[in-house]
Amino acid sequence: MHYKHDELHPENSPEYKGLTVNQGVADAPIVNPYRAPRKKRRQYTADEYVAGILAGDIPLLSQAVTLVESSLPEHQETAQRVIEQCLPHAGRSIRLGITGVPGAGKSTFIEALGMYLVRSGHKLAVLAIDPSSERSKGSILGDKTRMEELSVAQNAFIRPSPSAGSLGGVARKTRESIILCEAAGFDTIFVETVGVGQSEISVHSMVDFFLLLQLTGTGDELQGIKRGIMEMADGIAINKADGQNLERARVARRQFQNALHLFPPHESGWSPEVLLCSAIEHSGIAEVWDMVERYVAFTRANGYFAHKRNSQSKYWMYETINEQLKSHFYQDPAVRALLAQEERRVLADEVSSFVAAKHLLDFYFKE
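Position one of the sequence shown corresponds to residue 10 (our numbering), numbered consecutively onward.
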(Lines of atoms letter the chains of each structure in order from A and count residues from 1; the text may use other names and numbers.)
(Lines give C-alpha, C1' and ligand atoms only; values in the text may rest on other atoms or scores of the structure.)
Protein backbone atom coordinates (compact mmCIF):
# COMPACT_ATOMS: atom_id res chain seq x y z
CA MET A 1 0.00 0.00 0.00
CA HIS A 2 1.39 3.42 -1.02
CA TYR A 3 0.71 6.79 0.59
CA LYS A 4 0.18 10.12 -1.08
CA HIS A 5 3.00 12.64 -0.79
CA ASP A 6 1.31 14.64 1.97
CA GLU A 7 0.43 11.69 4.12
CA LEU A 8 2.29 10.04 7.02
CA HIS A 9 5.16 8.54 4.99
CA PRO A 10 6.19 10.78 2.06
CA GLU A 11 9.05 8.31 1.38
CA ASN A 12 6.50 6.07 -0.38
CA SER A 13 5.93 8.72 -3.08
CA PRO A 14 6.90 7.55 -6.61
CA GLU A 15 9.61 10.21 -6.80
CA TYR A 16 11.62 8.33 -4.18
CA LYS A 17 12.65 5.18 -6.03
CA GLY A 18 13.74 2.16 -4.06
CA LEU A 19 12.21 3.42 -0.80
CA THR A 20 9.25 1.74 0.86
CA VAL A 21 8.00 2.28 4.37
CA ASN A 22 5.46 -0.26 5.56
CA GLN A 23 2.57 0.66 7.76
CA GLY A 24 3.39 0.08 11.46
CA VAL A 25 1.51 -2.06 13.91
CA ALA A 26 -0.90 -0.17 16.16
CA ASP A 27 0.17 0.11 19.79
CA ALA A 28 -1.55 -2.27 22.16
CA PRO A 29 -3.96 -0.53 24.56
CA ILE A 30 -2.38 0.46 27.87
CA VAL A 31 -5.39 -0.78 29.83
CA ASN A 32 -6.26 -4.47 29.51
CA PRO A 33 -9.59 -4.50 27.56
CA TYR A 34 -10.53 -7.81 29.22
CA ARG A 35 -10.00 -6.54 32.76
CA ALA A 36 -13.14 -6.22 34.79
CA PRO A 37 -13.89 -2.66 35.91
CA ARG A 38 -12.55 -1.97 39.38
CA LYS A 39 -15.18 -1.90 42.07
CA LYS A 40 -15.34 1.37 43.94
CA ARG A 41 -14.50 0.91 47.62
CA ARG A 42 -17.55 1.25 49.79
CA GLN A 43 -17.74 4.34 51.96
CA TYR A 44 -18.49 3.42 55.57
CA THR A 45 -20.17 5.61 58.15
CA ALA A 46 -18.41 6.56 61.41
CA ASP A 47 -20.64 4.13 63.33
CA GLU A 48 -19.73 1.27 60.94
CA TYR A 49 -16.02 2.00 61.34
CA VAL A 50 -16.35 2.02 65.14
CA ALA A 51 -18.35 -1.24 65.19
CA GLY A 52 -15.73 -2.91 62.95
CA ILE A 53 -12.79 -1.62 65.01
CA LEU A 54 -14.32 -2.76 68.31
CA ALA A 55 -14.96 -6.18 66.74
CA GLY A 56 -11.25 -6.41 65.80
CA ASP A 57 -11.85 -6.16 62.02
CA ILE A 58 -8.30 -5.48 60.74
CA PRO A 59 -9.25 -4.41 57.16
CA LEU A 60 -11.70 -1.86 58.62
CA LEU A 61 -9.08 -0.70 61.14
CA SER A 62 -6.64 -0.22 58.28
CA GLN A 63 -9.18 1.82 56.33
CA ALA A 64 -9.93 3.93 59.41
CA VAL A 65 -6.20 4.69 59.84
CA THR A 66 -6.10 5.74 56.16
CA LEU A 67 -9.03 8.04 56.90
CA VAL A 68 -7.11 9.57 59.82
CA GLU A 69 -4.11 10.16 57.55
CA SER A 70 -6.19 11.79 54.80
CA SER A 71 -6.13 15.59 54.50
CA LEU A 72 -9.56 15.77 52.81
CA PRO A 73 -12.00 17.73 55.04
CA GLU A 74 -14.82 15.15 54.66
CA HIS A 75 -12.42 12.33 55.63
CA GLN A 76 -11.13 14.30 58.61
CA GLU A 77 -14.68 14.94 59.81
CA THR A 78 -15.52 11.21 59.76
CA ALA A 79 -12.13 10.31 61.29
CA GLN A 80 -12.66 12.65 64.24
CA ARG A 81 -16.08 11.11 64.95
CA VAL A 82 -14.52 7.63 64.84
CA ILE A 83 -11.70 8.67 67.21
CA GLU A 84 -14.18 10.28 69.61
CA GLN A 85 -16.25 7.08 69.83
CA CYS A 86 -13.12 4.90 70.20
CA LEU A 87 -11.58 6.97 73.01
CA PRO A 88 -13.52 5.26 75.87
CA HIS A 89 -12.16 1.91 74.63
CA ALA A 90 -8.51 3.11 74.32
CA GLY A 91 -5.66 3.55 76.79
CA ARG A 92 -5.32 -0.08 77.87
CA SER A 93 -2.06 -0.88 76.08
CA ILE A 94 1.63 -0.54 76.82
CA ARG A 95 3.11 1.98 74.38
CA LEU A 96 6.78 1.43 73.57
CA GLY A 97 8.79 3.99 71.59
CA ILE A 98 11.84 2.65 69.73
CA THR A 99 14.61 4.76 68.25
CA GLY A 100 18.19 4.04 67.30
CA VAL A 101 21.19 5.09 65.28
CA PRO A 102 21.28 4.04 61.60
CA GLY A 103 22.41 0.43 61.30
CA ALA A 104 21.32 -0.49 64.83
CA GLY A 105 19.01 -3.15 63.38
CA LYS A 106 15.65 -1.65 64.37
CA SER A 107 13.60 -3.71 61.91
CA THR A 108 15.22 -7.00 62.98
CA PHE A 109 14.89 -6.06 66.65
CA ILE A 110 11.21 -5.09 66.27
CA GLU A 111 10.48 -8.37 64.50
CA ALA A 112 12.32 -10.40 67.17
CA LEU A 113 10.61 -8.62 70.09
CA GLY A 114 7.29 -8.54 68.24
CA MET A 115 7.31 -12.27 67.53
CA TYR A 116 8.25 -12.95 71.18
CA LEU A 117 5.19 -10.95 72.30
CA VAL A 118 2.79 -12.44 69.74
CA ARG A 119 3.86 -15.97 70.73
CA SER A 120 3.29 -14.98 74.37
CA GLY A 121 -0.34 -14.14 73.58
CA HIS A 122 -0.07 -10.38 73.06
CA LYS A 123 -1.71 -8.41 70.24
CA LEU A 124 0.83 -6.01 68.72
CA ALA A 125 0.51 -2.93 66.48
CA VAL A 126 3.66 -1.39 64.96
CA LEU A 127 3.36 2.25 63.87
CA ALA A 128 6.03 4.61 62.59
CA ILE A 129 6.91 8.28 62.46
CA ASP A 130 8.89 9.18 59.35
CA PRO A 131 9.52 12.94 59.04
CA SER A 132 11.92 12.37 56.13
CA SER A 133 9.04 11.14 53.99
CA GLU A 134 7.78 14.68 53.36
CA ARG A 135 10.78 15.18 51.08
CA SER A 136 10.76 11.93 49.17
CA LYS A 137 7.00 11.27 49.50
CA GLY A 138 8.06 7.73 50.41
CA SER A 139 7.12 5.56 53.34
CA ILE A 140 8.63 2.75 55.38
CA LEU A 141 7.07 -0.01 53.34
CA GLY A 142 10.61 -1.40 53.19
CA ASP A 143 10.37 -2.07 56.93
CA LYS A 144 7.23 -4.09 56.37
CA THR A 145 8.98 -6.26 53.79
CA ARG A 146 11.96 -6.79 56.13
CA MET A 147 9.66 -7.97 58.94
CA GLU A 148 8.68 -11.05 56.97
CA GLU A 149 7.51 -13.18 59.89
CA LEU A 150 5.81 -10.44 61.90
CA SER A 151 3.98 -8.96 58.90
CA VAL A 152 2.02 -12.19 58.42
CA ALA A 153 1.53 -13.01 62.13
CA GLN A 154 -2.13 -13.29 63.10
CA ASN A 155 -2.04 -10.94 66.08
CA ALA A 156 0.25 -8.28 64.56
CA PHE A 157 -0.61 -5.12 62.62
CA ILE A 158 2.20 -3.19 60.91
CA ARG A 159 1.41 0.26 59.56
CA PRO A 160 3.88 2.40 57.58
CA SER A 161 3.86 6.09 58.42
CA PRO A 162 1.95 8.73 56.44
CA SER A 163 3.85 9.64 53.29
CA ALA A 164 3.67 13.43 53.48
CA GLY A 165 3.07 16.38 55.77
CA SER A 166 4.87 18.19 58.56
CA LEU A 167 6.38 16.24 61.43
CA GLY A 168 3.69 17.67 63.73
CA GLY A 169 0.97 16.43 61.38
CA VAL A 170 2.51 12.99 60.96
CA ALA A 171 3.01 12.64 64.72
CA ARG A 172 -0.57 13.73 65.52
CA LYS A 173 -1.94 11.19 63.06
CA THR A 174 0.24 8.48 64.62
CA ARG A 175 -1.14 9.34 68.07
CA GLU A 176 -4.70 9.13 66.71
CA SER A 177 -3.84 5.77 65.10
CA ILE A 178 -2.73 4.51 68.54
CA ILE A 179 -6.25 5.21 69.87
CA LEU A 180 -7.84 3.20 67.03
CA CYS A 181 -5.41 0.28 67.51
CA GLU A 182 -6.09 0.17 71.26
CA ALA A 183 -9.85 0.19 70.64
CA ALA A 184 -9.33 -2.75 68.25
CA GLY A 185 -7.86 -4.76 71.13
CA PHE A 186 -4.10 -4.35 70.60
CA ASP A 187 -2.50 -4.46 74.06
CA THR A 188 1.00 -3.48 72.92
CA ILE A 189 1.89 -0.60 70.58
CA PHE A 190 5.36 -0.03 69.13
CA VAL A 191 6.04 3.46 67.77
CA GLU A 192 9.22 3.51 65.70
CA THR A 193 11.16 6.58 64.60
CA VAL A 194 12.39 6.20 61.05
CA GLY A 195 13.97 9.60 60.57
CA VAL A 196 16.32 11.38 62.95
CA GLY A 197 16.14 14.59 64.95
CA GLN A 198 12.86 16.03 66.21
CA SER A 199 10.98 12.75 65.65
CA GLU A 200 12.38 11.36 68.92
CA ILE A 201 10.69 14.18 70.87
CA SER A 202 7.38 13.44 69.15
CA VAL A 203 7.62 9.72 69.89
CA HIS A 204 8.60 10.37 73.51
CA SER A 205 5.44 12.48 73.89
CA MET A 206 3.12 9.57 73.01
CA VAL A 207 4.69 6.46 74.59
CA ASP A 208 5.06 5.03 78.10
CA PHE A 209 8.59 3.63 77.68
CA PHE A 210 11.26 5.10 75.39
CA LEU A 211 13.88 2.57 74.24
CA LEU A 212 17.16 3.61 72.63
CA LEU A 213 18.63 0.89 70.43
CA GLN A 214 22.41 1.02 70.09
CA LEU A 215 25.10 -1.02 68.42
CA THR A 216 28.77 -1.53 69.13
CA GLY A 217 31.92 -2.00 67.09
CA THR A 218 31.77 1.47 65.52
CA GLY A 219 34.59 3.10 67.47
CA ASP A 220 33.60 5.66 70.09
CA GLU A 221 30.25 4.26 71.25
CA LEU A 222 29.02 7.57 72.69
CA GLN A 223 30.00 9.62 69.65
CA GLY A 224 27.12 11.07 67.67
CA ILE A 225 24.44 10.39 70.30
CA LYS A 226 22.59 13.54 71.23
CA ARG A 227 22.49 14.18 74.94
CA GLY A 228 18.75 14.88 74.67
CA ILE A 229 18.01 11.41 73.32
CA MET A 230 20.10 9.78 76.05
CA GLU A 231 18.24 11.79 78.69
CA MET A 232 14.86 10.77 77.26
CA ALA A 233 15.70 7.05 77.20
CA ASP A 234 14.08 4.87 79.88
CA GLY A 235 16.29 2.00 78.77
CA ILE A 236 19.10 1.24 76.30
CA ALA A 237 19.46 -2.05 74.42
CA ILE A 238 22.79 -2.73 72.71
CA ASN A 239 21.90 -4.88 69.72
CA LYS A 240 24.17 -7.25 67.75
CA ALA A 241 25.84 -8.38 71.00
CA ASP A 242 26.90 -11.74 69.59
CA GLY A 243 29.98 -13.62 68.39
CA GLN A 244 33.18 -11.58 68.33
CA ASN A 245 31.14 -8.45 69.05
CA LEU A 246 30.05 -9.64 72.50
CA GLU A 247 33.08 -8.36 74.41
CA ARG A 248 32.91 -4.96 72.68
CA ALA A 249 29.19 -4.81 73.60
CA ARG A 250 30.07 -5.38 77.27
CA VAL A 251 32.57 -2.50 77.15
CA ALA A 252 29.93 -0.30 75.48
CA ARG A 253 27.43 -1.18 78.21
CA ARG A 254 29.84 0.07 80.89
CA GLN A 255 30.37 3.29 78.94
CA PHE A 256 26.63 3.91 78.63
CA GLN A 257 26.04 3.12 82.31
CA ASN A 258 28.73 5.63 83.30
CA ALA A 259 27.25 8.25 80.97
CA LEU A 260 23.73 7.77 82.37
CA HIS A 261 25.00 8.49 85.90
CA LEU A 262 25.96 12.01 84.74
CA PHE A 263 22.40 12.91 83.79
CA PRO A 264 19.78 14.30 86.20
CA PRO A 265 17.49 11.63 87.70
CA HIS A 266 14.28 10.84 85.78
CA GLU A 267 11.07 12.49 86.96
CA SER A 268 9.58 8.99 87.18
CA GLY A 269 12.13 7.91 89.78
CA TRP A 270 13.21 5.08 87.47
CA SER A 271 16.92 4.45 86.83
CA PRO A 272 17.47 3.63 83.12
CA GLU A 273 19.06 0.24 82.48
CA VAL A 274 21.48 -0.86 79.75
CA LEU A 275 20.96 -4.38 78.38
CA LEU A 276 22.66 -6.52 75.74
CA CYS A 277 20.70 -8.36 73.06
CA SER A 278 21.01 -9.99 69.66
CA ALA A 279 17.93 -9.80 67.45
CA ILE A 280 19.49 -12.29 65.01
CA GLU A 281 20.17 -14.89 67.72
CA HIS A 282 17.04 -13.93 69.73
CA SER A 283 19.15 -13.57 72.87
CA GLY A 284 18.33 -10.91 75.47
CA ILE A 285 14.95 -10.16 73.85
CA ALA A 286 12.91 -11.52 76.78
CA GLU A 287 15.08 -9.46 79.17
CA VAL A 288 14.29 -6.25 77.23
CA TRP A 289 10.55 -6.87 77.55
CA ASP A 290 10.97 -7.76 81.23
CA MET A 291 12.62 -4.34 81.73
CA VAL A 292 9.62 -2.64 80.06
CA GLU A 293 7.16 -4.52 82.29
CA ARG A 294 9.13 -3.69 85.43
CA TYR A 295 9.14 0.00 84.44
CA VAL A 296 5.37 -0.04 83.86
CA ALA A 297 4.75 -1.73 87.23
CA PHE A 298 7.11 0.74 88.97
CA THR A 299 5.53 3.87 87.45
CA ARG A 300 1.97 2.62 87.99
CA ALA A 301 2.78 2.04 91.65
CA ASN A 302 4.15 5.58 92.21
CA GLY A 303 1.47 7.29 90.06
CA TYR A 304 3.85 8.54 87.36
CA PHE A 305 2.31 6.34 84.63
CA ALA A 306 -1.09 8.10 84.81
CA HIS A 307 0.59 11.50 85.33
CA LYS A 308 2.64 11.07 82.14
CA ARG A 309 -0.40 9.99 80.09
CA ASN A 310 -2.31 13.08 81.28
CA SER A 311 0.62 15.37 80.46
CA GLN A 312 0.83 13.84 76.99
CA SER A 313 -2.88 14.41 76.34
CA LYS A 314 -2.51 18.07 77.34
CA TYR A 315 0.64 18.43 75.19
CA TRP A 316 -1.18 17.09 72.10
CA MET A 317 -4.13 19.43 72.67
CA TYR A 318 -1.77 22.42 72.45
CA GLU A 319 0.18 20.89 69.57
CA THR A 320 -3.06 20.46 67.59
CA ILE A 321 -4.06 24.08 68.27
CA ASN A 322 -0.62 25.28 67.10
CA GLU A 323 -0.78 23.14 63.97
CA GLN A 324 -4.32 24.27 63.06
CA LEU A 325 -3.47 27.96 63.58
CA LYS A 326 -0.36 27.65 61.45
CA SER A 327 -2.23 25.81 58.71
CA HIS A 328 -5.09 28.34 58.71
CA PHE A 329 -2.63 31.26 58.54
CA TYR A 330 -0.72 29.94 55.52
CA GLN A 331 -3.85 28.82 53.65
CA ASP A 332 -5.50 32.26 53.89
CA PRO A 333 -5.46 33.68 50.28
CA ALA A 334 -5.06 37.31 51.44
CA VAL A 335 -2.18 36.35 53.75
CA ARG A 336 -0.48 34.43 50.95
CA ALA A 337 -0.62 37.47 48.66
CA LEU A 338 0.76 39.73 51.39
CA LEU A 339 3.38 37.13 52.30
CA ALA A 340 5.03 37.39 48.86
CA GLN A 341 5.01 41.19 49.13
CA GLU A 342 6.59 41.22 52.60
CA GLU A 343 9.16 38.65 51.49
CA ARG A 344 10.30 40.97 48.66
CA ARG A 345 10.58 43.87 51.13
CA VAL A 346 12.73 41.78 53.49
CA LEU A 347 15.02 40.67 50.64
CA ALA A 348 15.35 44.31 49.50
CA ASP A 349 16.33 45.31 53.07
CA GLU A 350 13.34 47.66 53.29
CA VAL A 351 12.12 46.08 56.55
CA SER A 352 13.54 43.58 59.02
CA SER A 353 12.27 39.98 59.19
CA PHE A 354 10.64 40.68 62.56
CA VAL A 355 8.78 43.81 61.37
CA ALA A 356 7.54 41.93 58.28
CA ALA A 357 6.30 39.06 60.48
CA LYS A 358 4.48 41.54 62.75
CA HIS A 359 2.81 43.19 59.72
CA LEU A 360 1.58 39.80 58.53
CA LEU A 361 0.29 38.70 61.93
CA ASP A 362 -1.43 42.05 62.57
CA PHE A 363 -3.13 41.79 59.17
CA TYR A 364 -4.21 38.18 59.85
CA PHE A 365 -5.73 38.87 63.28
CA LYS A 366 -7.53 42.05 62.10
CA GLU A 367 -8.87 40.35 58.99
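Note that the Cβ used here is the ideal one computed from N, Cα and C, for glycine as well. Since we're looking at a predicted model, the values are computed, not measured.
- The alpha carbon of Gly112 has as its nearest neighbour, out of Gln223, Lys182, Leu105 and Ser102, the alpha carbon of Gln223.
- Apart from sequence neighbours up to five positions away, the residues of its chain that approach Ala295 with a beta-carbon distance below 8 Å are Tyr125, ordered along the chain.
- Taken through DSSP and simplified to helix, strand or coil, Glu332 comes out as helix.
- Each of Pro82, Gly244, Ala261 and Asp243 was checked against the Cα of Ala250, and the nearest Cα belongs to Ala261.
- In chain order, Val360 and Ala365 place their CB closer than 8 Å to the CB of Arg354, counting only its own chain and leaving out the 5 sequence neighbours on each side.
- Here Ser362 has Val355 as same chain residues with Cβ atoms under 8 Å from its own Cβ, once five neighbours each way along the sequence are excluded.
- Taking 9 Å as the cut-off, the Cβ atoms of Tyr53 and Gly61 count as close.
- Counted as a single uninterrupted DSSP element, the alpha helix (DSSP H) harbouring Thr308 occupies residues Ile294 to Asn311.
- The C-beta distance from Arg181 to Glu332 rounds to 7 Å, short enough to meet the 8 Å contact threshold.
- Its chain contains Glu240 as the residues whose beta carbon lies nearer than 8 Å to that of Pro273, once the 5 sequence neighbours on both sides are disregarded; these appear in chain order.
- Beyond the five residues adjoining it in sequence on each side, Ala315 comes within less than 6 Å, by CB distance, of no other residue in the same chain.
- Taking Ala121 as the centre and dropping the five residues before and after it, the same chain places the C-beta of Ala288, His291 and Ile294 closer than 7 Å to its C-beta, in chain order.
- Assigned with DSSP and collapsed to three states, Gly244 falls in strand.
- Under the 10 Å beta carbon count, Leu271 is surrounded by fewer than 16 other beta carbons and is classified as exposed.
- Inclusion of Asn164 and Leu189 in the CB contact set at 9 Å is not warranted, their separation being larger than that value.
- Contact between the region 186-203 and the region 88-106 is present: three or more C-beta pairs spanning the two stretches fall below 8 Å.
- Ser280 is positioned such that its CB atom lies no closer than 9 Å to that of Lys317.
- Contact annotation: Ala55 and Gln85 have beta-carbon atoms that are not nearer than 9 Å.
- Spanning the alpha carbons of Ile330 and Ser129 requires a straight line of approximately 40 Å.
- Linking Glu78 to Arg184 through their CA atoms gives a straight-line distance of about 11 Å.
- Looking at the backbone, the Cα of Leu69 and that of Tyr327 are separated by about 30 Å.
- Separation of the CB atoms of Asn248 and Cys286 is rounded to 6 Å, and the pair is thereby assigned contact status at 8 Å.
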